[in-house]
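A.B. asks: One structure follows; several queries about it will come next.
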Amino acid sequence: MKIIDRKGRLFGSINIIDLSVLIFLVLLIPMASYWFKLSKNPKEVTEKKAGYCRVEARFDNIPHEVAQSIREGDYEKNRNGVVCREVMAVVRDEKTASANPNNRDVVLLMKVLYFKFDDGYMMNGGVELLVGSQIYFRTERYVLKGVITKVYAYDMKA
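Below is the structure:
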């Protein structure tokens with residue numbers, strides 16, 4: 003008895019192409035399941051794990067014109083249209099000690115969207131919410147880069 007007959011059947015009963023398709027499907031299902039588990043973010047965020055907190059942030063060496071345009075209520079939205087950072091108050095606006103005497107150092111009190119995980123708090127953009135962490139603030143008029151100097155209350159109301 004031949005292993006493959008004239009019609010391309012294995013042992014005279016199963017077509018080789020059908021068998022290869024069957025084996026492919028049997029292997030594809032567990033591989034797809036494994037890939038799906040790996041591709042899911044282990045730190046998946048739910049609404050219960052998100053909130054707002056107050057932070058104080060220092061933005062150094064800002065051009066005078068930009069510093070003058072910062073207002074209470076300025077905000078940044080994330081890709082989903084949710085406000086992720088908002089200026090609550092301009093705490094301090096003083097001349098900088100840099101080479102350019104017109105530049106300013108600005109300290110802002112901000113409301114920041116955070117996500118709670120088992121190992122801490124993260125801001126929108128994947129940056130840890132800690133004193134000393136960098137914070138970026140982008141509005142329609144300006145972009146600022148600074149450092150968080152204080153973290154106050156968590157679970158503020160929106």
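For the sequence shown, position 105 (counting from the first letter as 1) is numbered 107 according to my numbering, and the numbering increases by one without interruption. The beta carbon of each residue, even a glycine, is placed where N, CA and C say it ideally should be.
Which partner residues does N63 have in the DSSP bridge list?
C.D. replies: Paired residue(s): none; N63 is not in a bridge.
A.B. asks: Output the distance between the C-alpha atoms of L21 and M124, rounded to the nearest integer angstrom.
C.D. replies: Taking the straight line joining both Cα atoms gives about 50 Å.
A.B. asks: Could you tell me whether the Cβ atoms of I64 and R106 are closer together than 7 Å?
C.D. replies: The answer is yes: Cβ separation under 7 Å.
A.B. asks: Might you give, ordered along the chain, the residues of its own chain that have their beta carbon closer than 7 Å to the beta carbon of A155, omitting 5 neighbours on each side?
C.D. replies: Contacts found: C55 and R56.
A.B. asks: Beta carbon of A161, beta carbon of L110: below 7 Å?
C.D. replies: With the chain represented from 3 up to 160, any question about residue 161 goes unanswered, as that position is not in the structure.
A.B. asks: Near N80, what residues of its chain come up, given a Cβ to Cβ distance below 7 Å and the 5 sequence neighbours on each side ignored?
C.D. replies: If we look at N80 and ignore the five residues flanking it on each side, its Cβ neighbours are C86 and N126.
A.B. asks: With G2 and Y144 assumed to form a contact (beta carbons below 8 Å), what rounded beta-carbon distance in angstroms separates them?
C.D. replies: The question about residue 2 has no answer, for the chain in this structure spans 3 to 160.
A.B. asks: Out of D62, L132 and I16, which has the shortest C-alpha to C-alpha gap to A101?
C.D. replies: The residue with the shortest Cα to Cα distance from A101 is D62.
A.B. asks: Is the CB-CB distance between E78 and T141 below 7 Å?
C.D. replies: Taking 7 Å as the Cβ cut-off, E78 and T141 qualify as a contacting pair.
A.B. asks: Excluding the five sequence neighbours on either side, which residues of its own chain have a C-beta within less than 6 Å of the C-beta of L146, listed in chain order?
C.D. replies: Around L146: F61 and F139.
A.B. asks: Which stretch, first to last residue, makes up the beta strand (DSSP E) that contains E130?
C.D. replies: That residue, E130, is in no beta strand (DSSP E); it is neither H nor E in DSSP.
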